[in-house]
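Numbering (UniProt numbering), first residue to last: 1 to 317.
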């Protein structure tokens, strides 16, 4: 039976230690997500940190310098660990704190752990060096590496009892994940190119004369790079608009968490839109004080109310 509330005193000491490790990983490495996760009550914060730590491990394998065949083997080993978590085969005193924490979180929240299998599938796409002809192709990848994270997180957040449209919450969570991932892709276009990766759809690149790629700090000769960026920004904004319908379905603290994480990425998207070529000169980011401000807005409900008003306006147009 899944319990959703548990006192600190009922969490075994080895499990609390495992959670503490995951929270440290989250605080040190989740440059944007940590601001939202901090707004959650303790049990949900710990569960989200466990999800992040496991996901970070998968991503680090994909982004590392190992040979592709070694990465593939490591990812399948990680999938086997996930299968042990799913089957309840991880002991509280296991020497690896991440599956200990994840297993405990999955026992107390209805987390759809299959989403982590999807994440592994998405990272394997990176390892194979897959490219994407169309947005529909890229959407499949984004659903694996980000939409799945949205649905996993929803398992921790839950929805408000009696919330109208709650049955569509997984769809909205998935779509919000796509919005965040497309923003990531725009932000990292130069860094990914230097690593031999191209994520933006080939037909979009061709449409704007950018098929030559982004190996340097200036756009390809004769290209309309700004046009390409603005095109993708509009796509991301549409995804944000749809995904933000999730917020009214969540309790206040969970809604604040999502509003903070999504708000940071929306502001990042605004910055990219204002100066498209900046992404070719280096990673575009927000200062810590601005991220903290967005988190405060999320906790106050300002972003949730703003998103809800935007949804209403879109419906009446």
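Idealized CB from N, CA, C, for every residue including glycine.
Treat the numbers as computed from the prediction; the structure is a model and nothing was measured.
Short check: CB of residue 219 to CB of residue 280, under 8 Å? yes
How should residue 190 be labelled, buried or exposed, when 16 other C-beta atoms within 10 angstroms of its C-beta is the threshold for buried? buried
Specify, as a first and last residue, the run of the alpha helix (DSSP H) that residue 120 falls within. 114-127
Give the DSSP-derived three-state secondary structure of residue 171 in the structure shown. helix
Helix or strand or just coil, what does DSSP make of residue 184? helix
Return the Cβ separation of residue 81 and residue 111 in integer angstroms, given the expectation that the two are a contact with Cβ distance under 8 Å. Between residue 111 and residue 81 the Cβ distance is about 15 Å, and since that is not below 8 Å, they are no contact.
Considering only their Cβ atoms, is the gap separating residue 262 from residue 35 smaller than 8 Å? no
Can you look up residue 55 in the DSSP assignment and give me helix, strand or coil? If DSSP states are grouped into helix, strand and coil, residue 55 belongs with the helices.
Where does residue 3 sit, in a helix, a strand or coil, going by DSSP? Note on residue 3: pLDDT 43, under 50, position unreliable in the model; no value is reported.
Whose C-alpha, out of 267, 39, 13, is nearest the C-alpha of residue 100? When only C-alpha atoms are compared, the closest one is 13.
Identify, in the order they occur along the chain, each residue of the same chain with its Cβ nearer than 6 Å to the Cβ of residue 125, setting aside the five sequence neighbours on each side. 141
Under three-state DSSP, which class holds residue 312? Confidence is the limiting factor: at residue 312 the pLDDT is only 36, short of 50, which leaves the residue's position unreliable and the question unanswerable from this model.
Does the count of Cβ pairs from the region 273-290 and the region 240-258 closer than 8 Å reach three? no
Quick check: is any heavy atom of the ligand ZN less than 7 Å from the C-beta of residue 113? Among the components of this structure there are no ligands whatsoever, and the ligand ZN is therefore not found.
Hey, residue 103 and residue 85: beta-carbon distance below 8 Å or not? Going by C-beta atoms, residue 103 is nearer than 8 Å to residue 85.
Residue 218, enclosing alpha helix (DSSP H) - first and last residue: Neither: residue 218 is in no alpha helix (DSSP H) and is coded neither H nor E.
Would you call the region 222-241 and the region 175-184 touching, i.e. three or more CB-CB distances under 8 Å? yes
To the nearest whole angstrom, what separates the beta carbons of residue 227 and residue 214, a pair I think is in contact under 8 Å? Taking the Cβ atoms as the reference, residue 227 lies roughly 14 Å from residue 214, outside the contact range of under 8 Å.
Which first and last residues belong to the alpha helix (DSSP H) in which residue 106 is found? 97-108
Uninterrupted alpha helix (DSSP H) stretches inside the region 192-239 (no shorter than 4 residues): 202-207
Decide if the region 49-59 is in contact with the region 11-25; the criterion is three or more beta carbon pairs, one per stretch, under 8 Å apart. yes
Under 8 Å, do residue 174 and residue 151 count as touching if we go by C-beta distance? yes
Going by alpha carbons, who is nearest to residue 127 out of 147, 94, 171, 65? With distances taken between Cα atoms, residue 127 lies closest to 65.
Measuring only the C-alpha atoms, how far is residue 310 from residue 241? In this predicted model, residue 310 has a pLDDT of only 46, less than 50, meaning its place in the structure is not dependable; the value taken from the coordinates is given anyway. The straight-line gap from Cα to Cα measures roughly 8 Å.
For residue 116, which residues of its own chain have a beta-carbon under 6 Å away from its beta-carbon, when the five flanking residues on both sides are left out? 82
Helix, strand or coil for residue 133 per DSSP? coil
At the level of alpha carbons, what is the spacing between residue 198 and residue 119? 18 Å
For residue 270, the first and last residue of its enclosing alpha helix (DSSP H): Per DSSP, the unbroken alpha helix (DSSP H) holding residue 270 starts and ends at 252-274.
For residue 297 and residue 258, what's the separation of their Cα atoms in angstroms? 11 Å
Does DSSP put residue 111 in a helix, in a strand, or in coil? coil
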